[in-house]
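Note sheet for the following structure.
Protein chains: 6
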Amino acid sequence: MKTIVEPVSYEDAPSEVRVVYDDIMKTRGIDFVPNFWRTIAHDAALLRRTWETLKEIMAPGALDPMTKEMIAVAVSATNGCEYCIRSHTASARKLGMSDAMLGELMSVVGMFNETNRLAFGYQVEPDEVFFK
Amino acid sequence: MKTIVEPVSYEDAPSEVRVVYDDIMKTRGIDFVPNFWRTIAHDAALLRRTWETLKEIMAPGALDPMTKEMIAVAVSATNGCEYCIRSHTASARKLGMSDAMLGELMSVVGMFNETNRLAFGYQVEPDEVFFK
Amino acid sequence: MKTIVEPVSYEDAPSEVRVVYDDIMKTRGIDFVPNFWRTIAHDAALLRRTWETLKEIMAPGALDPMTKEMIAVAVSATNGCEYCIRSHTASARKLGMSDAMLGELMSVVGMFNETNRLAFGYQVEPDEVFFK
Amino acid sequence: MKTIVEPVSYEDAPSEVRVVYDDIMKTRGIDFVPNFWRTIAHDAALLRRTWETLKEIMAPGALDPMTKEMIAVAVSATNGCEYCIRSHTASARKLGMSDAMLGELMSVVGMFNETNRLAFGYQVEPDEVFFK
Amino acid sequence: MKTIVEPVSYEDAPSEVRVVYDDIMKTRGIDFVPNFWRTIAHDAALLRRTWETLKEIMAPGALDPMTKEMIAVAVSATNGCEYCIRSHTASARKLGMSDAMLGELMSVVGMFNETNRLAFGYQVEPDEVFFK
Amino acid sequence: MKTIVEPVSYEDAPSEVRVVYDDIMKTRGIDFVPNFWRTIAHDAALLRRTWETLKEIMAPGALDPMTKEMIAVAVSATNGCEYCIRSHTASARKLGMSDAMLGELMSVVGMFNETNRLAFGYQVEPDEVFFK
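Those sequence lines, one after another, are chains Y, X, C, V, L and P. Sequential numbering of the first sequence, starting at 1, is according to this note's numbering. Sequential numbering of the second sequence, starting at 1001, is according to this note's numbering. Sequential numbering of the third sequence, starting at 2001, is according to this note's numbering. Sequential numbering of the fourth sequence, starting at 3001, is according to this note's numbering. Sequential numbering of the fifth sequence, starting at 4001, is according to this note's numbering. Sequential numbering of the sixth sequence, starting at 5001, is according to this note's numbering.
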């Protein structure tokens, strides 16, 4: 077993899990359930909550879905989460992220992980103008 | 002294630093040099390199400057860098980020810091489709 | 060579290392020395210090060993350390952690990695009641 | 303004926010709304989702609430989130965490943040036994 | 109370704590006990273990103490730990770190926090030569 | 495809990329272009900026190159970046880092990742002496 718990196949899933699986495939327009969802399905409440929240958050709103997926890539690259980097990069591309956009996204993520440490390392004080 | 090194005032700055200060104020359309730049100015090469790189990265390209500043907020919130959160939030607002956009940005950042840990914690394997 | 230094086998270990290996196997009730210990054994002082400290910390005290192993999983999932997630999950299970407990542990770890970033991102001020 | 957005007072809160505020105070047995909730209330959907999820996760289950709050402290200390450390330590104490338990919790959190980096730094390979 | 537990003053310290306090002041050549040690002293075993380990690690060896303090600054700036950044920068300076060395240290820390994210973000594969 | 973008081979590289590749091989004294550079080469501006900055930062200065590579290892082990740990450990060894130095480096990195969390977890206040 490579994951910490056995992923739950569609066949073995209890009905409360199957309902979520169906919604994931329908919403995403895919014909399989990605490993992430099949793995957390081992705790049905965790699966339901995570999917409902994610679906709500990633819906079009003040920000468009592609921008949201790129922000997800930025978070995942900062944390070094392989699964997340691969899945959100794939999703962002599907939604229109070009190679040029990916290159700029990575540049921005790299840059501010650098300046974050300069601000930390020198203990830079916030300018007063930020508090007005 | 609160920062680790004394910030360099415009008056005391050597000419190679003053040139960067002038460019920062002109490019940003502000009449003061933020503490971040005045602090790293204590190493003139670090100041120059960081500013030149940042200016190049944040220029309009495949991504617009507001989106880039929001990605900077995402990185900084993930890392917990106060100075960076305050400065990039301020910049993003100046470029048009509304309160609704900020709320969605924070929702996305929070969400994927959560799912990153679920993917880590369960050691979820990337789906084969990600490698095609 | 996959690790950065060659793990030290029991056969090749100097006596000061072998003493620690013996104690690890006896204390843990296992008949092999896990890779973590065999790898850091390349620096005998690091091995001894780390094992002595870990043994002292993980002994039953105000908190029981299973709770301590679950806290170790929480730290390791937050940091994304594969070796550590696998080993501490295995240890916690051996000490009685059920699948239901694992599911709740992951839910809690995910949740607070999210709220940590909301608190960071909005720079929420501690309530006065926390300082009383 | 010290937080990035103005916290929403009970008086100024729209009814959908007030409902959550009331539930927080009732569930927690407190007569004020902590800054964390008043700050994220600026995005009513974020407030509702976060509170509903947290309430569900922190309810007694396979793990007791005190253990869950201690895991929250472990995550928050690993990430360095001041607000979160203060609030979860306070909650854990209210639920029965003694000073001795806090000391052991901190010891465990410190220890595994150390060993996580040894495992990273030496790129230790998971033992085969972890995959059975 | 600002720290999570009341720091233990020399006067109120039990003898096992006082012994460590005396050793800290003697080893460091200072006439006060820094807050870090007074805070963790609330758990006497944690204080003793941490001090003994730190003293052993920071002693001159294959690396000189100033280099070790600079590595401590690098770790602390990466994690954003204010107390640690301030104390290790002060220690490194005492041991001879010049302003020029500090500037280069920060440049290196910033740079590799950037490239770490580029390697994460693009999921760069290790070159085969690294495994020979 | 295992990386997120196809690494750019020397043969397929446009001239602006080839110039950087040549400089990397010449400066490093190697006859191949490591995957890191071939991967980010997909964005030529990112490649050029990153290499120029790295070359400037890693040149001998107030700190020697071996010390700089060890600091890079410290950052990478703290963040858990496999590629970076492998490449900077290899570079540091080439520049003279012995096994004994590596052992001490890892000990220091582990130790301060631990104390960083104790300082965070207890919210230790900086001593006044740090601000003088």
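For every residue, glycine included, the Cβ atom is placed at its ideal position computed from N, Cα and C.
For chain C, is any of its Cβ atoms less than 8 Å away from the one on Ala1077/X? Your numbering for residue 1077/X matches position 77 in the second sequence. Answer yes: the Cβ-Cβ gap between Ala1077/X and chain C drops below 8 Å somewhere.
Under 8 Å: do the segment 3070 to 3087 of chain V and the segment 2073 to 2080 of chain C share three or more Cβ pairs, one atom per stretch? yes
Could you say which of Gly1121/X, Val1129/X, Ser1087/X and Thr1053/X lies nearest to Lys132/Y if we only look at CA atoms? In the first sequence, counting from the first residue as 1, residue 132/Y sits at position 132. Checking every option, the nearest Cα to that of Lys132/Y belongs to Ser1087/X.
Under 9 Å by beta carbon: chain C residues contacting Cys5099/P: Residue numbering aside, residue 5099/P sits at position 99 when the sixth sequence is read from its first letter. Here residue 5099/P turns out to be Asp, not Cys, going by the sequence shown. Those are Val2005, His2042 and Asp2043, listed as they occur along chain C.
Can you name, in chain order, every residue of its own chain whose Cβ lies under 7 Å from the Cβ of Gly2103/C, other than the five neighbours on each side? Start at 1 with the first residue of the third sequence, and residue 2103/C comes out as number 103. Same-chain partners within the cutoff: there are none.
Which of helix, strand or coil DSSP assigns to Gly3103/V: Indexing the fourth sequence from 1 puts residue 3103/V at position 103. DSSP, read as helix, strand or coil, puts Gly3103/V in helix.
Quick one: does Met5066/P have its CB under 8 Å from some CB of chain V? Taking the first residue of the sixth sequence as 1, we reach residue 5066/P at position 66. Chain V contact via Cβ: absent.
So, is the C-beta of Phe1120/X closer than 8 Å to a C-beta in chain C? Locating residue 1120/X in the second sequence gives position 120, counting from the first residue. Answer yes: the Cβ-Cβ gap between Phe1120/X and chain C drops below 8 Å somewhere.
CA-to-CA distance, Pro2034/C to Leu1046/X, given in whole angstroms: Locating residue 1046/X in the second sequence gives position 46, counting from the first residue. Locating residue 2034/C in the third sequence gives position 34, counting from the first residue. The straight-line gap from Cα to Cα measures roughly 44 Å.
Is the shortest distance between the beta-carbon of Gly96/Y and the beta-carbons of chain L less than 8 Å? Residue mapping note: residue 96/Y aligns to position 96 of the first sequence, counting from 1. It does not; no Cβ of chain L falls within 8 Å.
If I follow the unbroken alpha helix (DSSP H) through His4088/L, where does it start and stop? In the fifth sequence, counting from the first residue as 1, residue 4088/L sits at position 88. From DSSP, the alpha helix (DSSP H) with His4088/L extends over Glu4082 to Lys4094.
DSSP three-state assignment for Gly1061/X, whether helix, strand or coil: The residue given as residue 1061/X occupies position 61 in the second sequence. It is coil, neither helix nor strand.
Under 8 Å Cβ to Cβ from Ala5013/P, same chain only, skipping five residues before and after it: list those, please. To locate residue 5013/P, count along the sixth sequence from 1; it is residue 13. Cβ within range, chain order: Tyr5021 and Ala5041.
Can you find a CB in chain L that lies within less than 8 Å of the CB of Ala5074/P? Translated into positions along the sixth sequence, residue 5074/P becomes position 74. By this cut-off, Ala5074/P is an interface position.
In the structure shown, what three-state DSSP assignment does Phe5131/P receive? By one-based count along the sixth sequence, residue 5131/P stands at place 131. Judged by DSSP in its simplified three-state form, Phe5131/P adopts helix.
Please determine if the segment 2095 to 2102 of chain C and the segment 3049 to 3059 of chain V are in contact, where contact requires at least 3 C-beta pairs separated by less than 8 Å. no
Which same chain residues end up closer than 6 Å to Arg3038/V when comparing Cβ atoms and leaving out the 5 residues on each side of it in sequence? Translated into positions along the fourth sequence, residue 3038/V becomes position 38. Taking C-beta separations shorter than 6 Å and ignoring five residues to either side along the sequence, the partners of Arg3038/V in its chain run Pro3007 and Val3008, following chain order.
If you draw a straight line from the alpha carbon of Ile5071/P to that of Glu52/Y, how long is it in whole angstroms? Counting from 1 along the sixth sequence, the entry for residue 5071/P is found at position 71. Counting from 1 along the first sequence, the entry for residue 52/Y is found at position 52. Cα to Cα, the separation comes out at about 43 Å.
Out of Gly4121/L, Lys4094/L, Val4108/L and Ser4107/L, which has the shortest C-alpha to C-alpha gap to Val108/Y? In the first sequence, residue 108/Y corresponds to position 108, counting from 1. Selected option, being the one with the closest Cα: Gly4121/L.
Check each candidate in Lys4094/L, Ile4024/L and Ser4098/L and name the one with the smallest Cα separation from Ala5062/P. Locating residue 5062/P in the sixth sequence gives position 62, where the first residue counts as 1. It is Ser4098/L.
Every unbroken beta strand (DSSP E) within the segment 2006 to 2052 of chain C, with a cutoff of 3 residues, ordered by chain: With a minimum length of 3 residues, no continuous beta strand (DSSP E) run stays inside the segment 2006 to 2052 of chain C.
Whole angstroms are fine: how far does the CA of Pro5126/P sit from the CA of Ile3085/V? Within the fourth sequence, the letter at position 85 stands for residue 3085/V. Within the sixth sequence, the letter at position 126 stands for residue 5126/P. The straight-line gap from Cα to Cα measures roughly 17 Å.
If we count the other Cβ atoms within 10 Å of its Cβ and call it buried at 16 or more, is Thr67/Y buried or exposed? Your numbering for residue 67/Y matches position 67 in the first sequence. Buried, since its Cβ has 16 or more Cβ neighbours within 10 Å.
Using a beta-carbon distance below 8 Å, is Ser5002/P in contact with chain L? Looking up residue 5002/P in the sixth sequence gives position 2. Per the sequence shown, residue 5002/P should be read as Lys rather than Ser. Taking Cβ atoms only, chain L reaches closer than 8 Å to Lys5002/P, which makes this a yes.
Assign Ser5015/P to one of two classes, buried (16 or more other C-beta atoms within 10 Å of its C-beta) or exposed (fewer than that). Along the sixth sequence, read from residue 1 onward, the residue named residue 5015/P stands at position 15. Answer is exposed; the Cβ neighbour count stays below 16.
Helix, strand or coil at Ile4/Y [DSSP, three-state]: Position 4 of the first sequence, counted from the first residue, corresponds to residue 4/Y. DSSP places Ile4/Y in coil when its eight states are reduced to three.
Using a C-beta cutoff of 8 Å, does Ser4107/L count as contacting chain X? Here residue 4107/L is taken as the residue at index 107 of the fifth sequence, counted from 1. True, the Cβ-Cβ gap to chain X drops below 8 Å.
Classify Glu11/Y as buried or exposed, calling it buried when 16 or more other Cβ atoms lie within 10 Å of its own Cβ. Residue 11/Y sits at position 11 when you count from the first residue of the first sequence. Glu11/Y should be labelled exposed.
Inspect the beta-carbon positions of Ala3090/V and Phe2112/C and report whether they are closer than 8 Å. Within the fourth sequence, residue 3090/V is the residue found at index 90, counting from 1. Within the third sequence, residue 2112/C is the residue found at index 112, counting from 1. One thing to note: Ala3090/V has its Cβ no nearer than 8 Å to the Cβ of Phe2112/C.
Any chain L beta carbon closer than 8 Å to Pro5060/P: On the sixth sequence, residue 5060/P is found 60 positions in, with the first residue counted as 1. It does not: the Cβ of Pro5060/P has no partner Cβ on chain L nearer than 8 Å.
Inter-residue spacing [alpha-carbon to alpha-carbon] between Ile5004/P and Gly110/Y: Against the sixth sequence, residue 5004/P aligns to sequence position 4. Against the first sequence, residue 110/Y aligns to sequence position 110. Using only the alpha carbons, I get a separation of about 16 Å.
What's the C-alpha gap between Pro5065/P and Ala5092/P? The count along the sixth sequence starts at 1 and reaches residue 5065/P at position 65. The count along the sixth sequence starts at 1 and reaches residue 5092/P at position 92. If I take the Cα positions, the gap works out to 8 Å.
How should Glu3082/V be labelled, buried or exposed, when 16 other C-beta atoms within 10 angstroms of its C-beta is the threshold for buried? Stepping through the fourth sequence from its first residue, residue 3082/V is reached at position 82. Flag for Glu3082/V reads buried.
Work out the CA separation of Leu5054/P and Phe1032/X for me, nearest whole Å. For the purposes of this step, residue 1032/X is taken as the residue at position 32 of the second sequence. For the purposes of this step, residue 5054/P is taken as the residue at position 54 of the sixth sequence. So the two alpha carbons sit approximately 30 Å from each other.
Distance between Thr1050/X and Asp5043/P (C-alpha atoms, nearest Å): Walking along the sixth sequence from the start, residue 5043/P turns up at place 43. Walking along the second sequence from the start, residue 1050/X turns up at place 50. Taking the straight line joining both Cα atoms gives about 19 Å.
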